[in-house]
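In terms of UniProt numbering, the sequence shown has 188 at position 188, counting the first letter as 1, and numbering is strictly consecutive.
Glycine included, each C-beta is placed from N, C-alpha and C at the ideal position.
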Amino acid sequence: MSFDGLNPDAVAFYAELRDNNTKKWWAANKARYDEHVRAPFEAIGEELAGEFGPVKIFRPYRDVRFSADKSPYKLHIGLVSRTPIAHYMQLSDDGLLVGGGSYAVPTPAIKRFREIVDDVRLFGDLEATLEEVGEAGFTLMTDGALRTAPRGFTADHPRIHLLRLTRLAIGRSEAPADWMWTPDALDAIRTRWRTVQIWCDWMRENLGELIADAPHAR
């Protein structure tokens, strides 16, 4: 399957799904999802796998068992590399999100990360890594961050924004743009994943065993 670009109808698909998140609407538009949303992701996944390893496309169904929101379908399509410290991309009506790292970080890895952040002798390499990916438009994802200082640290710590993190992932979001619907999207996304690789390499070097050995690691 050749990659000819993502399909702009995917943006329209998710905008419509946002207002019609029902099994009836999904059934009427399932062929559209398969052709315009999933198929381009399968094609680009095959291309990216050669450099970044096998990838997985997430199922479109939401897990509603413990959620007050019972809408059955996700409002985006996501693709991830099959490693504990992974590359990720997501398309929705908001546009494209490219990122990576670790979203479900085990406690020992978070503890070690905070030790690195707190130690001025160790923080320099992390700071340089964040500056490098930041120059390419990537920032640390802060969803899930603690509202207060973690135990053992004060709220006025100079790097409290890092100490509060519970997920160690970076991301770059972009609004829908014409380049996404062309074959050039492959090189653009591959370049972005190579930037994500800088962050993943730092994580593997400093936290890798603590994440890879976790029972819930992907």
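Assign residue i to buried or exposed, taking buried as 16 or more other Cβ atoms, counted over all protein chains shown, within 10 Å of its Cβ.
| i | result |
| --- | --- |
| arginine 59 | exposed |
| leucine 122 | exposed |
| proline 183 | exposed |
| glycine 45 | buried |
| valine 105 | buried |
| valine 64 | exposed |
| alanine 175 | exposed |
Do residue j and residue i come within 9 Å of each other at the CB atom, strictly closer than that value?
| i | j | result |
| --- | --- | --- |
| asparagine 29 | phenylalanine 13 | yes |
| glycine 95 | methionine 1 | no |
| phenylalanine 138 | threonine 83 | no |
| methionine 203 | leucine 168 | yes |
| valine 98 | tryptophan 25 | no |
| glycine 100 | isoleucine 211 | no |
| isoleucine 116 | asparagine 206 | yes |
| arginine 159 | alanine 136 | no |
| alanine 31 | aspartate 93 | no |
| aspartate 4 | alanine 68 | no |
| histidine 157 | aspartate 125 | no |
What are the boundary residues of the beta strand (DSSP E) that residue i is part of?
| i | result |
| --- | --- |
| histidine 76 | 76–81 |
| lysine 56 | 55–57 |
| glutamate 174 | 168–174 |
Look at the alpha carbon of residue i and the alpha carbon of residue j, and state the distance between them as a whole number of angstroms.
| i | j | result |
| --- | --- | --- |
| phenylalanine 113 | aspartate 178 | 39 Å |
| alanine 145 | aspartate 19 | 30 Å |
| tyrosine 33 | alanine 10 | 8 Å |
| proline 215 | isoleucine 110 | Note that proline 215 scores a pLDDT of 43, beneath 50, so its modelled location is shaky and nothing firm can be said. |
| glutamine 90 | alanine 188 | 14 Å |
| glutamine 197 | threonine 191 | 10 Å |
| leucine 162 | proline 54 | 31 Å |
| glycine 78 | phenylalanine 66 | 21 Å |
| proline 8 | aspartate 201 | 33 Å |
| lysine 70 | valine 120 | 46 Å |
| leucine 6 | proline 40 | 5 Å |
| alanine 49 | threonine 154 | 43 Å |
| glutamate 132 | tyrosine 73 | 36 Å |
| arginine 218 | glutamate 127 | In this prediction, arginine 218 has a pLDDT of 35, which is less than 50 and means its spatial position is unreliable; what the coordinates show is noted afterwards. Taking the straight line from one Cα to the other gives about 27 Å. |
| leucine 130 | tryptophan 199 | 8 Å |
| serine 81 | tyrosine 88 | 7 Å |
| lysine 56 | alanine 27 | 23 Å |
| arginine 62 | histidine 36 | 20 Å |
| glycine 208 | arginine 151 | 23 Å |
| leucine 17 | arginine 38 | 15 Å |
How is the alpha helix (DSSP H) around residue i delimited, first residue to last?
| i | result |
| --- | --- |
| glycine 45 | 39–52 |
| leucine 207 | 185–212 |
| aspartate 9 | 9–19 |
| lysine 24 | 23–32 |
| histidine 161 | 160–163 |
Continuous beta strand (DSSP E) assignments of at least 3 residues falling wholly in the stretch 76–150: With a minimum length of 3 residues, the continuous beta strand (DSSP E) runs that stay inside the stretch 76–150 are 76–81, 86–92, 95–102.
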